[in-house]
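Letter 12 of the sequence shown, counting from 1, is numbered 510 in the numbering used here, and no numbers are missing.
Written below as structure tokens is the structure these notes are about.
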Amino acid sequence: MYETKGTTSFNLTEKPVVTFVDEEVQLVSGKVTVRYALDGYLKMTIEEKATDIKPIADDSFRITDGEVTAYGCRQLSLYTIDGKCVETATPGKDGTATLSTASLRKGVYLVVTDSKSFKISKK
Numbered sequence: 499m500y501e502t503k504g505t506t507s508f509n510l511t512e513k514p515v516v517t518f519v520d521e522e523v524q525l526v527s528g529k530v531t532v533r534y535a536l537d538g539y540l541k542m543t544i545e546e547k548a549t550d551i552k553p554i555a556d557d558s559f560r561i562t563d564g565e566v567t568a569y570g571c572r573q574l575s576l577y578t579i580d581g582k583c584v585e586t587a588t589p590g591k592d593g594t595a596t597l598s599t600a601s602l603r604k605g606v607y608l609v610v611t612d613s614k615s616f617k618i619s620k621k
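Set out below in structure tokens:
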């Protein structure tokens with residue numbers, strides 16, 4: 499969700515279902531539900547915009563402030579955008595591998611496991 503000049507926008511992975519409940523408009527998209535009061539609503543548009551945002555399809559990763567955690571992988575690695583490995587972790591007995599991003603400089607990094615990879619941005 500982001501706001502620009504009084505307009506609230508959402509990037510959704512699925513087309514929303516819009517309904518009116520009591521005095522509110524409700525949007526449901528996958529597991530996400532958003533409700534807003536009808537008073538003050540001027541206009542709603544639903545647009546399809548191409549993005550390269552893809553949801554993580556399962557619960558095999560968790561990204562929190564300062565950490566990347568992977569479940570069920572053999573190795574978790576963090577690379578700079580130019581391909582330099584900056585950190586590697588192997589899972590413990592619980593099958594969880596965790597990398598700290600706290601000391602990283604601002605920039606884009608690649609998180610890589612034996613089966614998946616994705617980009618993260620440190621701001």
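Ideal Cβ placement from N, Cα and C applies to all residues, glycine included.
Apart from the five residues on each side of it in sequence, which residues of its chain come closer than 8 Å, Cβ to Cβ, to V622?
-> Nothing in the structure corresponds to residue 622, since the chain is present only between 499 and 621.
Work out the CA separation of T505 and K513 for me, nearest whole Å.
-> One C-alpha to the other measures close to 19 Å.
In angstroms with no decimal places, state the Cα-to-Cα distance between Y534 and P589.
-> If you take the alpha carbons of Y534 and P589, they lie about 43 Å apart.
Could you tell me whether the Cβ atoms of C571 and T611 are closer together than 8 Å?
-> It is a contact, given that the beta carbons lie within the stated cut-off.
To which residues of the same chain is S527 closer than 6 Å at the C-beta, ignoring the five residues directly before and after it?
-> Apart from the 5 residues on each side of it in sequence, S527 sits with its Cβ closer than 6 Å to the Cβ of L510, E512 and P514 in its chain, given in chain order.
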